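For the sequence shown, counting from 1, position 115 maps to 115 in UniProt numbering; every step adds exactly one.
Notes follow the structure.
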Amino acid sequence: MADEAFVAARIGRPHGLRGEVTVQVHTDDPDSRFVVGATFPTDPAVRGPLSLRSVRAHQGTYLLGFEGHPDRSAAEALRGTLLLVADEPEDDPGEGWREEDLLGFAVVTPEGTDLGTVSGLHLRPVQDLLEVRTPRGQVLVPFVDELVPEIDEEARRVVVDPPPGLLELGEDGA
1 MADEAFVAAR IGRPHGLRGE VTVQVHTDDP DSRFVVGATF PTDPAVRGPL
51 SLRSVRAHQG TYLLGFEGHP DRSAAEALRG TLLLVADEPE DDPGEGWREE
101 DLLGFAVVTP EGTDLGTVSG LHLRPVQDLL EVRTPRGQVL VPFVDELVPE
151 IDEEARRVVV DPPPGLLELG EDGA
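Encoded structure:
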């Protein structure tokens, strides 16, 4: 395993009685990462390593089963565990962003108005979404150049240029 690792998934709640768990996927290629027999270091480390005994999709959610965790009680003990994978060299260092790279960055408009902070990055097949914690709650912003024109790593700042109404979506009455 390389010195650097990144989060492939976060284990969620148990599903069913046979030790399967839901996972929040943090990789752009889950089909190649989540294969029976794959072994993942974990955070916290005391819960792993974990070896996959089953993988399936159910209503758009990955359900994973791990060796040594045969039932719901054993699966519940894994909740919140991070599945890690080795950080692989990238052909293009500017290829993309990972959630852990952006968490906590300030989010501002092009004029410098504070909107909130980055609280997540949701990788989706069609379009990634930047999760922003605002004073009014969480907002999902399509992670595209037109709406997120600038990311300043040194200043830990993301510039978001939202169209009218985007930041109000999900609020009562919107």
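A virtual CB, placed ideally from N, CA and C, is assigned to each residue, including glycine.
Keep in mind it's a predicted model, so treat the numbers as computed, not measured.
So, for residue i: in the same chain, excluding its five sequence neighbours on each side, which residues have a beta-carbon less than 8 Å away from its beta-carbon?
| i | result |
| --- | --- |
| L78 | I11, V21, R47, L50, F66 and H69 |
| I151 | W97, L102, F105, R157, V158 and V159 |
Can you list, in chain order, the residues of its chain with a C-beta nearer than 6 Å to that of residue i? Leave out the 5 residues immediately preceding and following it.
| i | result |
| --- | --- |
| H122 | L129 |
| T39 | P49 and S51 |
Do residue i and residue j have their C-beta atoms closer together than 8 Å?
| i | j | result |
| --- | --- | --- |
| L17 | D101 | no |
| V118 | A5 | no |
| P135 | G112 | no |
Output needed for residue i: all residues of its chain with C-beta closer than 7 Å, excluding positions within five of it in sequence on either side, in chain order.
| i | result |
| --- | --- |
| G120 | E99 and E131 |
| L82 | V7, R10, T42 and D43 |
| P142 | Q127 and L129 |
| F34 | L52, V55, Y62 and L64 |
| E76 | P14 |
| L147 | V141, V160, D161 and P162 |
Is it right to say residue i is buried, meaning 16 or more other beta carbons lie within 10 angstroms of its own, or is it exposed?
| i | result |
| --- | --- |
| H58 | exposed |
| G165 | exposed |
| G60 | exposed |
Length-filtered (4 minimum) alpha helix (DSSP H) runs lying within the segment 72-155: Within the segment 72-155, the runs of alpha helix (DSSP H) that reach at least 4 residues and sit entirely inside it are, in chain order, 72-76 and 99-102.
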